[in-house]
Every structure is written in structure tokens, then in C-alpha cells.
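Quick note on the working numbering: the sequence shown kicks off at 284 and runs consecutively. Positions of the beta carbon are idealized from the N, C-alpha and C atoms, including for glycine. Remember, predicted model here, so these are calculated numbers, not experimental data. Notes for the one structure printed next.
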Amino acid sequence: MEDLQEEYEHILEMLDEIKEKISALEGSDIIRRYLSLCNERDRLIQTEKRMSRQVKYDQFETCNHIWVTSLINYDPAEDTTEKYEACIKCGLDQAAFESLYQSSQDSSIMVDFMTDNDYNKGIHSNEICDIKLAKAIYSRIKETHPDIDDETARKYFEIALNDIRNIKVSEKRKINRAKRLSLGKFNNWHVKDVYFD
284 MEDLQEEYEH ILEMLDEIKE KISALEGSDI IRRYLSLCNE RDRLIQTEKR
334 MSRQVKYDQF ETCNHIWVTS LINYDPAEDT TEKYEACIKC GLDQAAFESL
384 YQSSQDSSIM VDFMTDNDYN KGIHSNEICD IKLAKAIYSR IKETHPDIDD
434 ETARKYFEIA LNDIRNIKVS EKRKINRAKR LSLGKFNNWH VKDVYFD
């Protein structure tokens, strides 16, 4: 029992020493400035988290979507196929409802938005495409033609995607294409995302 009491008193002494050292450091202008900046940073991070959800909601709500099929989920046991669409403009993706996509904050915001809103407006393309690739192609189209209307953008998108898939190019050319589209190490040009449960 005495050992425990001694250890406890020793801890109290160490805490007092640390508190005194902290108090002395807090008297320094640099430390006060540092602590002030840390508090401001933490406040801004919390504000950003709250606002990012609303900003995303506003993007999804005001977007005149251009939809592609981003995922096909086939269940052989039930012999059912479920298609998920995603918008090439704002990135809203029905695949966010799938558990393997629900790990990110963005997918959580998408699920909440789609649960609470009628979001299926816009133009539907018949293309099946990885959403990263679709958004990259659309971004390049908008960069080249900033005032393009949605229907023409959809047509340009479909032409570009078909060219990418049907014109044979070397692996080096594919790597360069991925870099130009800011896709990093991307190789899902032809694959139609199909998952089996």
C-alpha cells in the first residue's frame, strides 16, 4: 500500500513540475502565438467540416447531371443485376450505397443526399464507365469548350470514351493518357466495373 502511495505522490510531484514548466513557457510571446494559431486552426477545421457537407449538397442539388453507369453489381445466387449511375459533372454516385464505397466522407455525404433528395434529374448516357475516367474526360471537354451545353458535352464524352476504348495504342501511350487526364496509375479503360457477391 505504501508503494502505491509513494508512486501516486511521485506522479503528483511530476505533474506539478510539468505544470510549472508549461506555465513558464506560456509566458513566451512565441508560445502564446503558437497556441493561438493552434486554436484558430482547430476552429477552422471544425468549420470546414461543417461547411463541406453543405457545399457538396449544393453542388449535387444544383447540378444538371449527366449520368453514366458506374457500377454493375451482379448477384449470381439471385440472378439479379443492379446498375448504379454516377454524374460525370459533380461526381454524385449511386454506388456510394454499396458497402465497399462507404468508407469515405464523400460517400457518406452522397448517401445522405440521395436518401433525402430527388436527385435523378438530368441526361442519361448509355455508357458504362469508371467514374474517375468519366469525370476526367468531362473536365477536359469543359476545359476546351467552357460554354458547352450538357447534351453536346454528353455526345463529346461518348465520342471521346469510344475513341479511348477502340483506338489501339501502346502501353506507354496509355500511361501518358492517364497522366494528361490526371488519373495517376489508371488502367480501367475497358473494364466495366462488375462485382460478384
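- Counting C-beta pairs with one atom in each stretch, the stretch 440 to 448 and the stretch 405 to 414 have three or more that are closer than 8 angstroms, which means they touch.
- If you look at Asp433, you'll find it in the alpha helix (DSSP H) that goes Asp433 to Asn449.
- Inclusion of Lys372 and Cys346 in the CB contact set at 8 angstroms is warranted, their separation being smaller than that value.
- As computed with DSSP, Glu365 is found in a beta bridge with Asn356.
- Cβ-Cβ separation between Ala369 and Val351: approximately 6 angstroms, consistent with a contact (criterion under 8 angstroms).
- In terms of Cα proximity to Glu344, the closest of Cys321, Glu292, Asp362 and Met393 is Met393.
- In this structure, Glu309 sits away from Arg316, with a CB-CB distance that is not shorter than 8 angstroms.
- Pairing His428 with Asp312, the inter-Cα distance amounts to about 53 angstroms.
- Counted as a single uninterrupted DSSP element, the alpha helix (DSSP H) harbouring Glu289 occupies residues Glu285 to Glu309.
- In the DSSP assignment, no residue is bridged to His348.
- Take the alpha-carbon of Asp358 and the one of Glu381: they are about 13 angstroms apart.
- Spanning the alpha carbons of Gln288 and Glu303 requires a straight line of approximately 23 angstroms.
- Counting only the Cα atoms, Ile328 lies some 10 angstroms from Asn322.
- Counting along the chain, the unbroken beta strand (DSSP E) around Ser408 starts and ends at Ile406 to Ile411.
- Taken atom to atom, the span from the alpha-carbon of Ile349 to that of Glu434 is near 8 angstroms.
- Taking a C-beta distance under 8 angstroms as the contact criterion, Asp376 and Ser353 qualify as a contact pair.
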